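Participant: Shown below is the structure under consideration.
In the UniProt record's numbering, the protein residues as written are 1 to 48.
Here it is in C-alpha cells:
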C-alpha cells in the first residue's frame, strides 16, 4: 500500500508545531508501518 502524505504533516513533525504535532505524529506512526510514503508538495501560489 502507498500513502500520499502532505508535506505539511512532515513539517509539523520537524518543527514540533504546537497545534498539529500530536495529530501529524500519530498519523505518521499509523501509516508508515509496511507502507511506502509519497510526500506531496503543493507548489501553487494564492493570487492576491
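For each residue, glycine too, the CB sits at the ideal point set by N, CA and C. Being a predicted model, the structure only gives us computed values, none of them experimental.
1. For the beta strand (DSSP E) holding residue 6, just list the boundary residues, first then last.
2. Residue 27 lies in the alpha helix (DSSP H); which residues open and close that run?
3. For residue 37, which residues from the same chain have a beta carbon less than 6 Å from its beta carbon, with the 5 sequence-adjacent residues on both sides left out?
4. Residue 15 to residue 35, Cα distance in whole Å?
Facilitator: Walking through what the data contain:
1. 2 to 6
2. 21 to 32
3. 3 and 5
4. 24 Å
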